[in-house]
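Below is one structure; the comments refer to it alone.
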Amino acid sequence: MKLFTIPLLIGSLADARATVRARQPGNSCCFGLSSAGVVDEKVKENHLGELSLGGPFQQGGFCFDRTTKTVKDGLNHNCFMRAPAEEFQCYPGIVGATVFDISPPGADGKSYLTYDNGQGTFYACPIGSGDDVYYNIYSALKPDAAGCVSVALALYDSSAECFTSSNNTAAIPSRRHQQTKPKASSVGQHKRRIAANSPAPSIISGYSQVPGAGLWSIMPSGASASTEATATSTPASAKSSQTCSISPSAPSIAPIRLGSPDKSAPGGIKDSVAEASITPHNSTVFLYSIPRSFLPPIEDNTKPPLCALQFRMPVCTELAKGYPCYRFSGLEQEVLANSGMTFDLILDDGHAAWNGTALQQVFPGENTVLGTFECGNPKGSYDKGSYEDRKMGWNVSSVREFGLEFLQAGVGDDAKFQDGIGAWIVPCQ
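Read in order, the letters of the sequence shown are residues -18 to -1, 1 to 411 in mature numbering (1 follows the signal peptide of the UniProt record, and there is no 0).
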């Protein structure tokens, strides 16, 4: 008998959901939900009212009442997230304290479900493994988020009521009018322990690579090639070069120095520290040195191998004990505003081809290849002593109010943390 219970309930859930959409009052909008971020799935609901991304369950349907700021499922059950579990679920007769809202359409044309004063980040926590894995959904206040990833929940198949003028949600300000500092990420709400009293880096906009010289030259005054050009012409999916497959055991090169750009300072940067500040007001230069021992010499008439610049952003709960959590403007801000970073190659002894205006987006729980370049030297150059360590440097800038501040792991021979958040040079397979 038990085997027939779930299909019957699921069937009634689908029928009831269709009825609910038809009979909702004029101040409600109805929709489905899908995730944006590392996990890309539609929200489903099991017979217990638990919501998940993926899984062998009925596709979820929801209605939002903008007067009461509540969300109900297709069976008219109240949806909420509350302590201690903070799981997203919908139960009959239970009213949670969660205050929901819907954001106006962003640069991607999508509206997103938010809660509790505009929070738009949810945790997706895996259940099962392999092809059978799906994800339960939690608020950003989930006490133990180990193994979870951050996502945003976008509306799809929205009813006409979702687009009426009665929705008074404020529009997202443009880059010209918005002057906000990065807020603490939902994946890192613990206190930031990176020194807050370090000097505020200055911005020098519009630097480009001088081939072979290892110095910067100033471009004509005006919009920065790294920010404004990207904001108007580069899609979010743009990548600076080829795809790169990276072995988990591949060696990694951390930056030798970080700092704010200053062409008059020794090495081209000042305030050399291990802390990166990439905000609307600050940019950071990452300097690398690729040693001769990093890759084997190249045989004659052999195509040089590829290396990549890879950005790693583990969730804060996966960082080593004592590693300070990063400050992040948030997944919802990155997705809604189509914001991110640009990586301008400003120093390279090897004349690599690199797209410095591509918009780069990074997400908690994900390793991102920012671009690739040829690396390695012809066989014989090692033996003749003509090969010196290759120097490379990128100036990293914010696009559309993006903010990320963190302690880069592995900087210096005596770095306390060898692995964590930051950008590394790695060989491609």
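The beta-carbon is built from N, C-alpha and C at its ideal position, and this holds for glycine as well.
Counted within 10 angstroms of its Cβ, other Cβ atoms place residue i as buried (16 or more) or exposed
i	result
leucine 352	buried
leucine 402	Per the sequence presented here, residue 402 reads as glycine, with leucine not at that position. Classification for glycine 402: buried.
tyrosine 305	buried
proline 346	buried
glutamate 68	buried
phenylalanine 62	buried
aspartate 50	Note that residue 50 corresponds to threonine in the displayed sequence, not to aspartate. Exposed: under 16 other Cβ atoms inside 10 Å.
valine 115	exposed
proline 237	buried
glycine 100	exposed
lysine 26	buried
glycine 31	buried
glycine 88	buried
serine 227	exposed
aspartate 396	exposed
threonine 80	buried
threonine 354	buried
proline 38	exposed
serine 203	Reliability fails at serine 203, whose pLDDT of 27 lies under 50, so the model's placement of it is uncertain and the value that follows must be treated cautiously. Burial call: exposed.
glycine 75	exposed
alanine 302	exposed
glycine 56	buried
Check whether residue i and residue j have beta carbons under 8 Å apart
i	j	result
tyrosine 105	serine 85	no
tyrosine 94	leucine 318	yes
proline 286	glutamate 356	yes
serine 234	valine 267	no
isoleucine 260	leucine 389	no
phenylalanine 70	phenylalanine 46	no
leucine 291	isoleucine 407	yes
tyrosine 138	serine 34	no
glutamine 342	phenylalanine 325	yes
isoleucine 251	leucine 277	no
Nearest-angstrom Cα separation, counted from residue j out to residue i
i	j	result
cysteine 72	threonine 350	35 Å
residue 420	alanine 134	With the chain represented from -18 up to 411, any question about residue 420 goes unanswered, as that position is not in the structure.
valine 53	glycine 19	22 Å
glutamine 315	histidine 333	35 Å
proline 273	serine 246	26 Å
phenylalanine 399	arginine 372	24 Å
tyrosine 308	histidine 29	38 Å
serine 140	lysine 24	14 Å
proline 125	methionine 323	30 Å
serine 17	alanine 256	34 Å
serine 321	serine 275	37 Å
serine 271	alanine 142	56 Å
valine 381	leucine 288	27 Å
glutamine 411	glycine 129	27 Å
asparagine 60	glycine 102	19 Å
methionine 374	serine 254	16 Å
glycine 112	glutamine 40	21 Å
phenylalanine 44	glycine 78	16 Å
glycine 36	threonine 284	45 Å
alanine 258	glycine 110	37 Å
aspartate 331	serine 265	22 Å
valine 21	glutamate 370	43 Å
arginine 48	aspartate 90	23 Å
DSSP bridge partner residues for residue i (one or two, in chain order)
i	result
tyrosine 116	Ile109
alanine 18	Ala134
aspartate 330	Met374
glutamate 68	The partner list for glutamate 68 (beta bridge, DSSP) is empty, contrary to what the question assumes.
glutamine 292	Val351, Trp406
alanine 340	Per DSSP, none; premise fails for alanine 340.
Closest residue to residue i among the options (Cα-Cα distance)
i	options	result
proline 230	Lys245, Arg294, Pro273, Ser242	Arg294
alanine 122	Ala256, Leu301, Arg274, Ala65	Ala65
phenylalanine 145	Lys26, Leu33, Cys12, Val393	Cys12
alanine 335	Lys92, Glu257, Trp376	Trp376
alanine 136	Leu313, Phe384, Glu356, Pro279	Leu313
leucine 15	Gly42, Gly31, Val21	Gly42
valine 393	Gly322, Ser34, Ala405	Ala405
alanine 127	Arg372, Pro108, Tyr138, Gly78	Pro108
proline 279	Ala391, Gly358, Met323, Tyr270	Gly358
glycine 338	Val344, Leu327, Glu348, Asp331	Leu327
aspartate 244	Leu329, Ser275, Asp55, Gln411	Leu329
glutamate 383	Phe325, Phe310, Glu370	Phe310
valine 378	Ser254, Leu240, Ala391, Thr225	Leu240
residue 451	Gly78, Ser254, Glu348, Phe44	The requested residue 451 is not part of the displayed model; the chain covers only -18 to 411.
asparagine 58	Gly102, Glu370, Ser10, Val297	Ser10
proline 296	Gly110, Ala232, Phe44, Ala391	Ala391
Proximity test, Cβ basis, 8 Å: residue i and chain C
i	result
alanine 405	The displayed structure is made up of one protein chain only, and chain C is not part of it.
Residue i CB to nearest heavy atom of the ligand MG below 7 Å
i	result
phenylalanine 70	Ligands in the displayed structure: none, and consequently the ligand MG is not present.
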